[in-house]
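Chemist: Have a look at the structure that comes next, please.
Chains as they are written, first to last, in our numbering: chain X, 179 to 323; chain B, 2 to 418.
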C-alpha cells in the first residue's frame with residue numbers, strides 16, 4: 179500500500195485532474211504524437227522552439243493518471259529550457275523511473291514511485307519520448323513499444 | 002432461507018469444491034488472497050492438466066507418428082486420443098476434422114492463408130463484425146492486401162449486440178466468407194451464430210466462428226451450428242498455452258491447399274515432387290506441441306466430469322450477482338449489456354483510467370485486465386480508449402465478486418479529490 183501511495187501522490191493526482199498546459203498550441207513549430215498501444219494512452223505535443231529554446235509547450239491527449247501527470251509536469255519543467263536541457267531532463271526521468279538512476283530534481287521527483295511498478299514505466303515516459311520525437315521533428319506517431 | 006439464497010449457497014459450495022482442483026488459487030498476492038478475474042485472457046489450470054503434461058515428460062516423452070519404439074507409440078496414442086476427445090467435445094463428424102495448431106490466432110491465419118488466399122480475388126468481400134478480436138481482423142486484412150478483397154463490417158448496437166438486419170444487408174454475390182466471434186471477449190455478448198451461419202449459407206457463403214471465449218462457457222456443437230470452421234485455444238479451456246484447434250468440415254479441408262511445409266504434413270519428398278499427407282496431418286507441419294495436446298485432453302476430461310448445465314448456471318449466477326453490484330458504484334458504466342452474455346464485465350469509471358484501476362485492484366489481490374482487449378475498433382465504437390474487465394471461470398465465487406467491488410470502492414477512494 180505504501181508503494182501505491184508513492185505512485186499516486188497528491189501531486190500526481192492533482193496534475194491528472196487539472197493538467198497544466200493542456201490544449202492545442204497555436205504557433206507551434208514542432209509537434210509529435212505519442213501512443214502507448216498497451217493501454218491506449220495518446221498524447222499530442224506542441225512545441226514552440228526558437229533559437230534552440232522551448233519558448234512554449236502544450237499537450238493534448240488521453241491517458242492514465244501517470245501518463246497525464248507526467249505530460250503535465252513535463253510541460254512545466256521544459257518551458258524555457260534549451261533543447262539540450264530538455265533532453266537531459268528526459269534522460270534523468272528515464273533513469274529514475276526505470277530504477278537505475280537517482281531521483282530527478284525538483285517536482286519531477288514525484289514520478290519516482292513508478293519504479294516499483296515496471297508495467298507502468300511506459301505510461302510515465304510516453305510524453306518524454308514524444309517530446310524527443312517533436313524535437314527531432316519526427317512526423318510519424320511514436321510508440322512506447 | 003429463501004429458495005434463491007439456497008440455490009446461491011449450493012452454487013458457492015460447488016465453486017469452493019472446484020477451487021480445490023486449481024493449485025494456483027491458493028496463492029496470495031501483495032499479502033492478499035488471489036482473486037483471479039482475468040479468465041477471458043487465460044484460465045488457471047487444474048492439477049489434472051499440470052500432471053498430465055508432466056506425466057508425458059516424466060514417463061513417455063517421445064516424438065509422435067512413425068516411431069517404432071514403445072515410447073513413441075504411447076505418445077502417439079495419447080496425442081491421437083485427444084483428437085477424438087476434441088471431436089466429441091464439439092461434436093465434429095470425424096477426428097480428421099480436428100487440426101491441432103498453436104491457438105485460435107493460428108487457426109484463423111491458417112484458414113485465411115489456405116482457404117482464403119486460394120479462393121479470393123479482387124472485388125470479393127469478407128464479412129466480419131465490429132466486436133472481433135484483432136486476431137479475427139488482421140489475418141483478413143493481410144488476405145485483403147494479398148488478394149484485393151474487401152472487409153465489410155457488421156455493426157454493434159448500444160447494448161453490444163450484433164445488428165442482424167445490417168448483417169443480412171451485407172451479404173451479397175461478392176461475399177466469400179463470414180468470420181465472426183461466438184462470444185465477445187470484451188463485452189461477453191453471445192452471438193446468434195446458428196442464425197448467422199444459416200443466413201450466410203443461403204448465399205452459399207462459408208462461416209468461420211472464433212470460439213476462443215465460448216469454448217469454456219457454452220456447450221459447442223459444430224454440427225448443430227453448421228459452421229464451416231471453428232477455432233479455439235486450449236488455454237482458455239483450463240488447458241495449456243500454445244495449443245489450439247481448428248475444426249473444419251472435411252470436404253473444405255480436403256480441398257484446401259497446404260498451409261506450412263515440413264514434418265508430419267508430408268507423404269513423400271523428392272526434389273522433383275512432394276506429395277502431402279492426408280487429413281488431419283496435412284495441416285500439422287513440424288513436431289507438434291505434444292505435451293500441450295495431452296494437457297488439452299486432460300482439460301477436456303476435467304470439464305467432462307462437470308455438467309454443462311451446472312457450469313452455465315454458475316456463470317450466469319455470478320454475472321447476475323456481480324452486474325447490479327458493480328453498476329451501483331457511482332460513476333461506473335458497464336460496457337456491454339447484451340441480453341445474452343457470459344460472465345464478462347467490462348467497465349469504465351468516471352475520472353479514472355482503466356490502467357489505474359488495474360494497478361489499484363492488483364494491490365488488493367484482484368487480478369483483472371485493463372486496456373483495449375485487442376478489440377480497438379470496438380473500443381472506438383463505444384467511445385472509450387480502454388476498459389477494465391473482470392471475467393469469470395468455474396472456480397470464482399460470490400465472495401470474490403464482493404472482493405472485486407470492495408477493491409473498486411477503495412480505488413475510487415484513492416482518486417477522490
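C-beta: ideal position from N, C-alpha, C; glycine also. Computed from a predicted model, the values in this text were never measured in an experiment.
Under 8 Å, Cβ to Cβ, is there at least one residue of chain B near residue 182 of chain X?
Modeler: By one-based count along the first chain, residue 182 of chain X stands at place 4. Yes, because at least one Cβ of chain B sits closer than 8 Å to the Cβ of residue 182 of chain X.
Chemist: Can you pull the chain C residues whose beta carbon is under 8 Å from the beta carbon of residue 295 of chain X, in chain order?
Modeler: Chain labels in this structure do not include chain C; the protein chains are X and B.
Chemist: Using a C-beta cutoff of 8 Å, does residue 195 of chain X count as contacting chain B?
Modeler: The count along the first chain starts at 1 and reaches residue 195 of chain X at position 17. Taking Cβ atoms only, chain B reaches closer than 8 Å to residue 195 of chain X, which makes this a yes.
Chemist: Below 9 Å on C-beta distance, what does residue 387 of chain B contact in chain X?
Modeler: Here residue 387 of chain B refers to the residue found at position 386 when the second chain is read from its first residue. Near residue 387 of chain B (Cβ distances below 9 Å), the residues of chain X are 217, 218, 219, 242.
Chemist: Find out if the Cβ-Cβ distance for the pair residue 245 of chain X, residue 207 of chain X is shorter than 8 Å.
Modeler: Indexing the first chain from 1 puts residue 245 of chain X at position 67. Indexing the first chain from 1 puts residue 207 of chain X at position 29. No, the Cβ-Cβ distance between residue 245 of chain X and residue 207 of chain X is not below 8 Å.
Chemist: To which residues of the same chain is residue 288 of chain B closer than 7 Å at the C-beta, ignoring the five residues directly before and after it?
Modeler: Position 287 of the second chain, counted from the start, is the residue given in the question as residue 288 of chain B. Around residue 288 of chain B: 64, 264.
Chemist: By the 10 Å Cβ neighbour count, where 16 or more other Cβ atoms means buried, how is residue 40 of chain B classified, buried or exposed?
Modeler: Here the question's residue 40 of chain B lines up with position 39 in the second chain. Burial check for residue 40 of chain B: the Cβ neighbour count within 10 Å reaches 16 or more, so the residue is buried.
Chemist: Give me the Cβ distance between residue 246 of chain B and residue 101 of chain B, rounded to the nearest whole Å; I'm assuming they're in contact under 8 Å.
Modeler: Working through the second chain from its first residue, we reach residue 246 of chain B at position 245. Working through the second chain from its first residue, we reach residue 101 of chain B at position 100. Yes, residue 246 of chain B and residue 101 of chain B are in contact; Cβ-Cβ is about 6 Å, under 8 Å.
Chemist: Is the CB-CB distance between residue 366 of chain B and residue 34 of chain B below 8 Å?
Modeler: To locate residue 366 of chain B, count along the second chain from 1; it is residue 365. To locate residue 34 of chain B, count along the second chain from 1; it is residue 33. Yes, the Cβ-Cβ distance between residue 366 of chain B and residue 34 of chain B is below 8 Å.
Chemist: Run through the region 239-310 of chain B for me and flag every whole alpha helix (DSSP H) of 4 or more residues, listed as ranges in chain order.
Modeler: 251-256, 291-305
Chemist: Is the shortest distance between the beta-carbon of residue 289 of chain X and the beta-carbons of chain B less than 8 Å?
Modeler: Position 111 of the first chain, counted from the first residue, corresponds to residue 289 of chain X. Not a single CB atom of chain B sits nearer than 8 Å to the CB of residue 289 of chain X.
Chemist: Just grab the DSSP bridge partners of residue 33 of chain B for me.
Modeler: Working through the second chain from its first residue, we reach residue 33 of chain B at position 32. For residue 33 of chain B, which the question treats as bridged, DSSP gives the partners B:30.
Chemist: Any beta-carbon of chain B closer than 8 Å to the one on residue 377 of chain X?
Modeler: Only positions 179 to 323 of chain X appear in this structure, which leaves residue 377 of chain X out of reach.
Chemist: Can you list, in chain order, the residues of its chain whose CB lies under 6 Å from that of residue 194 of chain X, leaving out five sequence neighbours each side?
Modeler: Residue mapping note: residue 194 of chain X aligns to position 16 of the first chain, counting from 1. Residues of the same chain with a CB within less than 6 Å of the CB of residue 194 of chain X, apart from the 5 flanking positions on each side, are 243, 246, 247 in chain order.
Chemist: If you run the structure through DSSP and keep just helix, strand and coil, what is residue 259 of chain X?
Modeler: Position 81 of the first chain, counting from 1, holds the residue named residue 259 of chain X. Residue 259 of chain X sits in coil when the DSSP states are folded into three classes, being neither helix nor strand.
Chemist: What does DSSP give as the partner residues of residue 430 of chain B in its beta bridges?
Modeler: Since the displayed chain B opens at 2 and closes at 418, residue 430 of chain B lies outside it and no answer follows.
Chemist: Since residue 235 of chain B and residue 244 of chain B should fall inside the 8 Å C-beta cutoff, what is the C-beta to C-beta distance between them, to a whole number of angstroms?
Modeler: Here residue 235 of chain B refers to the residue found at position 234 when the second chain is read from its first residue. Here residue 244 of chain B refers to the residue found at position 243 when the second chain is read from its first residue. Their Cβ separation, rounded to whole angstroms, is 4 Å, which keeps residue 235 of chain B and residue 244 of chain B in contact under 8 Å.
Chemist: If you draw a straight line from the alpha carbon of residue 83 of chain B to that of residue 298 of chain B, how long is it in whole angstroms?
Modeler: Along the second chain, read from residue 1 onward, the residue named residue 83 of chain B stands at position 82. Along the second chain, read from residue 1 onward, the residue named residue 298 of chain B stands at position 297. The straight-line gap from Cα to Cα measures roughly 5 Å.
Chemist: Helix, strand or coil for residue 230 of chain X per DSSP?
Modeler: Along the first chain, one-based indexing puts residue 230 of chain X at 52. It is coil, neither helix nor strand.
Chemist: Apart from the five residues on each side of it in sequence, which residues of its chain come closer than 7 Å, Cβ to Cβ, to residue 156 of chain B?
Modeler: For this step, residue 156 of chain B is matched to residue 155 along the second chain. 131, 164, 167.
Chemist: Let's see if you can read the secondary structure: which residues bound the beta strand (DSSP E) around residue 231 of chain B?
Modeler: For this step, residue 231 of chain B is matched to residue 230 along the second chain. Unbroken beta strand (DSSP E) run through residue 231 of chain B: 230-234.
Chemist: In the DSSP output, what is residue 211 of chain B paired with across the bridge?
Modeler: Stepping through the second chain from its first residue, residue 211 of chain B is reached at position 210. Bridge partners of residue 211 of chain B: B:182, B:232.
Chemist: Enumerate, from N- to C-terminal direction, the unbroken alpha helix (DSSP H) stretches of 4 or more residues contained entirely within the region 81-149 of chain B.
Modeler: Counting only runs of at least 4 residues, the region 81-149 of chain B fully encloses the following alpha helix (DSSP H) elements, listed from N- to C-terminal order: 105-111, 139-148.
Chemist: Would the beta-carbon of residue 368 of chain B fall within 8 Å of that of residue 26 of chain B?
Modeler: Residue 368 of chain B sits at position 367 when you count from the first residue of the second chain. Residue 26 of chain B sits at position 25 when you count from the first residue of the second chain. No, these two residues do not count as a Cβ contact at 8 Å.
Chemist: So which residues on chain X does residue 337 of chain B lean against when the C-beta distance must stay under 8 Å?
Modeler: On the second chain, position 336 is the one that residue 337 of chain B refers to. Those within 8 Å of residue 337 of chain B in chain X number zero; the least Cβ separation is about 17 Å.
Chemist: According to DSSP, simplified to helix, strand and coil, what is residue 73 of chain B?
Modeler: By one-based count along the second chain, residue 73 of chain B stands at place 72. DSSP places residue 73 of chain B in helix when its eight states are reduced to three.
Chemist: Give the secondary structure of residue 157 of chain B by DSSP, where H, G and I count as helix, E and B as strand, and everything else as coil.
Modeler: The residue you call residue 157 of chain B lines up with position 156 of the second chain. Residue 157 of chain B falls in the strand class under three-state DSSP.
Chemist: Return the first residue and the last residue of the alpha helix (DSSP H) that residue 304 of chain X is part of.
Modeler: By one-based count along the first chain, residue 304 of chain X stands at place 126. Its alpha helix (DSSP H) spans residues 299-313.
Chemist: Using a C-beta to C-beta distance shorter than 7 Å, which residues of chain X count as neighbours of residue 356 of chain B?
Modeler: Taking the first residue of the second chain as position 1, residue 356 of chain B is located at position 355. Within chain X, the residues near residue 356 of chain B are 217, 242, 301.
Chemist: Taking buried to mean at least 16 other C-beta atoms within 10 Å of its own C-beta, is residue 266 of chain X buried or exposed?
Modeler: Against the first chain, residue 266 of chain X aligns to sequence position 88. Residue 266 of chain X comes out exposed.
Chemist: Can the beta-carbon of residue 319 of chain B be found closer than 8 Å to that of residue 344 of chain B?
Modeler: Translated into the one-based positions of the second chain, residue 319 of chain B becomes position 318. Translated into the one-based positions of the second chain, residue 344 of chain B becomes position 343. In this structure, residue 344 of chain B lies closer than 8 Å to residue 319 of chain B by Cβ.
Chemist: Would you kindly report the start and end of the unbroken beta strand (DSSP E) that includes residue 346 of chain B?
Modeler: Along the second chain, read from residue 1 onward, the residue named residue 346 of chain B stands at position 345. Residues 345-350.
Chemist: Are there 16 or more other CB atoms within 10 angstroms of the CB of residue 272 of chain B, so buried, or fewer, so exposed?
Modeler: Here residue 272 of chain B refers to the residue found at position 271 when the second chain is read from its first residue. Flag for residue 272 of chain B reads exposed.
Chemist: For residue 249 of chain X, which residues from the same chain have a beta carbon less than 6 Å from its beta carbon, with the 5 sequence-adjacent residues on both sides left out?
Modeler: Numbered from 1 along the first chain, position 71 holds the residue referred to as residue 249 of chain X. The answer, listed in chain order, is 221, 237, 305.
Chemist: For residue 224 of chain X, which beta-bridge partners are listed by DSSP?
Modeler: Counting from 1 along the first chain, the entry for residue 224 of chain X is found at position 46. Answer is X:209, X:236.
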